[in-house]
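Just below is one structure, and these are the notes that go with it.
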Ligand code: 5AD
Ligand code: SF4
């Protein structure tokens with residue numbers, strides 16, 4: 011009998027990948043995906059703990075399921091991922107009708123745990139050891155990696171996949187919950203990573219994004235051989251079928267020259283680097299324990315620009331961190347002004363229990379000040395993104411076509427009487443006649459929207475940019491004309 015699974019995922023790409031693996035596993039165990047919790051026998055929330063807001067939203071979503079569970083006690087409800095590791099038993103206290111709480115290191119146990127619950131085994135809690143709960147090797151082992159299973163339908167598109175190269179984080183930035191919920195930093199063996207990428211390529215995948223909380227700290231020692239991220243990029247670039255390689259998220263201090271040289275030299279590597287800075291004030295960086303200064307961050311940016319002149323760099327910033335003065339904030343504004351990031355993700359500081367900042371410092375910036383600083387910084391960044399995107403007008407860019415644009419998908423869902431966006435895949439577009447609005451990305455990770463044809467999904471195409479706003483370039487596929495006006499393309 012097929013049973014029905016509904017899964018909701020919040021948070022980072024790591025969570026998207028985890029959900030893909032959980033779905034693959036459950037499909038093999040007789041589940042099929044549905045797009046509403048009402049229709050599901052098993053409802054899973056794959057959660058994020060980076061900010062309080064993300065956790066509170068999950069409790070609200072759980073609250074909305076309370077009556078459904080009362081009506082149908084057979085429905086199994088699970089909280090998995092970071093918030094499961096962070097809150098553990100508290101999830102059962104706040105939502106007693108939850109059946110299953112599973113941390114990121116135990117996801118492979120879900121099918122068995124669900125079977126146990128269905129057989130009357132009661133509530134199940136499976137989480138990893140606390141960071142101080144044993145010897146490092148025991149703690150490491152309790153965060154098991156879970157990578158071999160894949161499920162195409164859960165990917166951003168058929169042609170794009172995430173591959174985890176490391177788990178955990180050892181940086182312990184004072185505001186951040188990740189080292190607690192994702193455990194110690196551990197790099198995966200390169201052979202495993204290459205084999206996984208090869209398999210994805212065989213399935214038609216064209217772009218691979220390597221994932222790690224501090225992806226550029228990747229280091230795998232085997233005897234006297236050490237593999238770094240730069241080595242991995244060279245190895246992965248040899249896989250036929252893979253056209254693009256990206257990696258996120260980088261830590262500023264680990265942006266070594268060998269890595270920048272690899273990004274420049276490995277033809278398949280996107281010229282795109284996500285290197286969060288967090289603040290433009292040295293006092294704040296110190297309190298955050300980021301272990302670099304504004305000057306050294308600036309020097310790193312300079313090295314990126316010298317080595318890869320057309321690189322697009324993006325950053326994260328936290329506004330309203332403990333003790334942030336107006337002067338500190340203005341230093342962040344000045345850094346964003348001078349750095350010309352492609353874009354920045356800006357967050358209001360959210361105190362997290364169990365972090366050093368929460369223990370040591372008062373959350374003393376009022377929320378309205380955080381909000382104002384957030385908006386001010388965002389306006390500066392958006393203006394810069396707008397200005398930089400204008401430089402693309404009239405230029406031909408090469409894009410990897412990812413699929414229908416948001417607008418095309420909405421229209422299609424509307425035509426089907428279905429409000430849920432579907433996960434990837436171009437299978438359902440066969441009936442579309444005439445141009446379809448498609449979306450793709452440049453080598454420097456800029457989003458391009460253009461009118462195309464479903465056949466172009468998964469291809470790398472030249473597109474001329476005719477308009478641009480802060481977030482999107484608008485283009486037209488370059489068509490070759492025979493005769494005097496023949497366009498010469500440098501591919
Ligand atoms: N409050 C607000 N933002 C945070 N981030 C991490 N922890 C917090 C927190 N407690 C942000 C950082 C990080 C991004 C993923 O989330 O900017 O780079
Ligand atoms: Fe969190 Fe810092 Fe680790 Fe990033 S590097 S995951 S911000 S502790």
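Numbering (our numbering), first residue to last: 11 to 501. C-beta atoms are modelled at their ideal positions from N, C-alpha and C, and glycine is treated no differently.
When distances are taken from the beta-carbon of residue 181 to the heavy atoms of ligand 2, the shortest one is below 7 Å.
Where residue 396 is concerned, there is no enclosing beta strand (DSSP E), although the alpha helix (DSSP H) around it starts and stops at 377-400. DSSP links residue 56 through a beta bridge to 19 and 90. At a threshold of 7 Å, residue 153 does not count as near ligand 2, since its beta carbon sits no closer than that to any of the ligand's heavy atoms. One Cα belongs to residue 470, the other to residue 297, and the distance between them is close to 45 Å. Counting along the chain, the unbroken beta strand (DSSP E) around residue 472 starts and ends at 470-478.
Contact check between the region 225-237 and the region 93-105: fewer than three CB pairs, one atom from each, fall below 8 Å, which does not count as touching. Between residue 194 and residue 146, the C-beta gap is smaller than 8 Å, which places the two residues in contact. The way I'd put it, the region 266-274 doesn't touch the region 290-304; fewer than three beta-carbon pairs between them come closer than 8 Å. In the DSSP assignment, residue 358 falls within the unbroken beta strand (DSSP E) covering 354-358. Looking at the DSSP output, residue 302 sits in no beta bridge, so it has no partner there. The beta carbon of residue 310 sits closer than 6 Å to those of 262 and 265, all from its chain and outside the five residues before and after it, given in chain order.
Within the same chain, 281 and 454 come within 8 Å of residue 320 by CB-CB distance, once the 5 residues on both sides are set aside.
Scanning 408, 392 and 167 for the CA closest to the CA of residue 479 turns up 392. The straight-line gap separating the alpha-carbon atoms of residue 213 and residue 160 is approximately 11 Å.
Taking 7 Å as the cut-off, one finds no heavy atom of ligand 2 near enough to the beta carbon of residue 466. In the three-state reduction of the DSSP assignment, residue 422 falls in the helix class. Proximity of the beta carbon of residue 186 to ligand 2 is indicated: a heavy atom of the ligand is located closer than 7 Å. DSSP places residue 103 in no beta strand (DSSP E) but in the uninterrupted alpha helix (DSSP H) bounded by 99-104. In the structure shown, the three-state DSSP call for residue 281 is coil.
A contact is defined here as three or more CB-CB pairs under 8 Å, and the region 450-467 fails this definition with respect to the region 376-393. The region 175-183 makes no contact with the region 68-83: fewer than 3 CB pairs, one atom from each, lie closer than 8 Å.
Contact annotation, residue 198 with residue 175: C-beta distance approximately 6 Å; criterion of less than 8 Å satisfied.
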